[in-house]
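All remarks here apply to the structure that follows.
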Amino acid sequence: MSQDKAPDVALRFLSGSIPVRHALEKTRAAVRAAKIDGATCDTSQIILGEVLNNVVEHAYGFEPGHPIAVSIWLREDGLWCEVMDHGARMPDSMMRLGAGKVHFDPTNREALPEGGFGWAMVCELTEKLRYRRVDSTNQLAFLIPYP
Numbered sequence: 001m002s003q004d005k006a007p008d009v010a011l012r013f014l015s016g017s018i019p020v021r022h023a024l025e026k027t028r029a030a031v032r033a034a035k036i037d038g039a040t041c042d043t044s045q046i047i048l049g050e051v052l053n054n055v056v057e058h059a060y061g062f063e064p065g066h067p068i069a070v071s072i073w074l075r076e077d078g079l080w081c082e083v084m085d086h087g088a089r090m091p092d093s094m095m096r097l098g099a100g101k102v103h104f105d106p107t108n109r110e111a112l113p114e115g116g117f118g119w120a121m122v123c124e125l126t127e128k129l130r131y132r133r134v135d136s137t138n139q140l141a142f143l144i145p146y147p
C-alpha cells in the first residue's frame, strides 16, 4: 500500500492512550508546519484519532505496549495515510459496513446504538479506504482529501 517516496510524517509508537495522544500532537504539528489548510488538519485529527483509538481498543484489546506505525504523505489531492499494527484482524464486516450504515431512530434515545459512529465517520470523511492483513500485520490506508 506504500507510496513511491518516503512518507512526510513517519511515527512509530506503542499502544496506549498517552502514546496515541502524543502521536496525534506530532501529526497535527507536522501537518500545520506543511501549511495544510485548517479544515484538513482538523479532519486528519478526527480520523487518525478514531483509527488509532480503534487499534488500541479493538486490535490490542486496550493492552498497552504494542507497536503502531503511522505514515502520512502530503499529496496534491490530500493526505495519504497508512496505519499499521500487529493486533487482532479487523472483521471483514467492518469494511463492508462503509459510510452511512449506522441506522437508528434519533428520537428514541433508549435505542441508540452503543457504537459504530466512529467507523462510519472514518468511511464518510476519507476516500480510497483500504484494509489488508499481511502475515500478522494490519494495514489500513486512506486519503483525507483537501476541501
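Each residue of the sequence shown is one higher than the one before, counting from 1 in the UniProt record's numbering. Ideal Cβ placement from N, Cα and C applies to all residues, glycine included.
Going by beta-carbon coordinates alone, are residue 9 and residue 27 separated by less than 7 angstroms?
In contact: residue 9 and residue 27 (Cβ atoms closer than 7 angstroms).
Hey, would you say residue 144 sits closer than 7 angstroms to residue 78, going by beta carbons?
Their beta carbons are under 7 angstroms apart, which means residue 144 touches residue 78 by this criterion.
Could you tell me the distance, in whole angstroms, from the CA atom of residue 17 to the CA atom of residue 88?
Going by C-alpha positions, residue 17 is about 18 angstroms away from residue 88.
Can you say whether residue 43 is buried or exposed, counting buried as having 16 or more other CB atoms within 10 angstroms of its CB?
By the neighbour-count rule (16 or more Cβ atoms within 10 Å), residue 43 is buried.
Which complete beta strand (DSSP E) runs does the UniProt domain "Histidine kinase/HSP90-like ATPase" (20-141) hold, if anything under 3 residues is left out?
Counting only runs of 3 or more, we get 67-75, 78-85, 127-134.
Neighbour-count burial assignment, residue 93, 16 or more Cβ in a 10 Å radius:
By the Cβ-count criterion, residue 93 is exposed, with fewer than 16 other Cβ atoms from all chains shown falling within 10 Å of its own Cβ.
Find the nearest neighbour of residue 60 within the set 12, 85, 139, judged by alpha-carbon distance.
Checked all of 12, 85, 139; the closest Cα to residue 60 is 85.
Alpha carbon to alpha carbon, what distance is there between residue 129 and residue 123?
Note on geometry: alpha-carbon atoms of residue 123 and residue 129 lie some 7 angstroms from one another.
Comparing C-alpha positions only, which one of 33, 39, 46 sits nearest to residue 24?
Of 33, 39, 46, the residue nearest in Cα terms is 46.
Return the CA-CA distance between residue 146 and residue 76, expressed in angstroms with no decimal places.
Annotation: residue 146 to residue 76 spans about 9 angstroms, alpha carbon to alpha carbon.
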